[in-house]
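Numbering-wise (UniProt numbering), the sequence shown opens with residue 1 and increments by one.
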Amino acid sequence: MSNVIRTRLVKIGNSQGIRIPKMLLDQLHLDDDIELEVQDSQLIIRAAQTPRATWAAAFQAMAAQGDDTLLDADLPPTAWEASEWEW
1 MSNVIRTRLV KIGNSQGIRI PKMLLDQLHL DDDIELEVQD SQLIIRAAQT PRATWAAAFQ
61 AMAAQGDDTL LDADLPPTAW EASEWEW
């Protein structure tokens, strides 16, 4: 179901803003940080994605494809590792 609410732009310094009703904020779980995107002449407002938010799903997909092993696991030690590295 679509909620259409009409509002006005308000002046904020040299910019303009909109007031988002609490009902919509609660429904969308919007917090302090949001992302704005212009798409087909529409302004899209969404909660900001946290860094690394999609990493878990990406790692699971890699594991499912067998692409989660270290690429250098079977390489012989380098000369530096053989002479300088101490355990």
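Idealized CB from N, CA, C, for every residue including glycine.
Here the structure is a predicted model, which is why all the values come from computation and not from measurement.
Based on Cα-Cα distance, which residue from L28, H29, Q27, A47 lies nearest to L36?
Among L28, H29, Q27, A47, the Cα nearest to that of L36 belongs to A47.
If the criterion is Cβ atoms closer than 8 angstroms, does the pair I5 and L24 meet it?
Closer than 8 angstroms, so yes.
Ignore the nearest five residues each way along the sequence and tell me which others in L9's own chain have a CB closer than 8 angstroms to its CB.
Taken in chain order, the residues that qualify are Q16, G17, I18.
Does DSSP put A47 in a helix, in a strand, or in coil?
Residue state, collapsed to three classes: strand.
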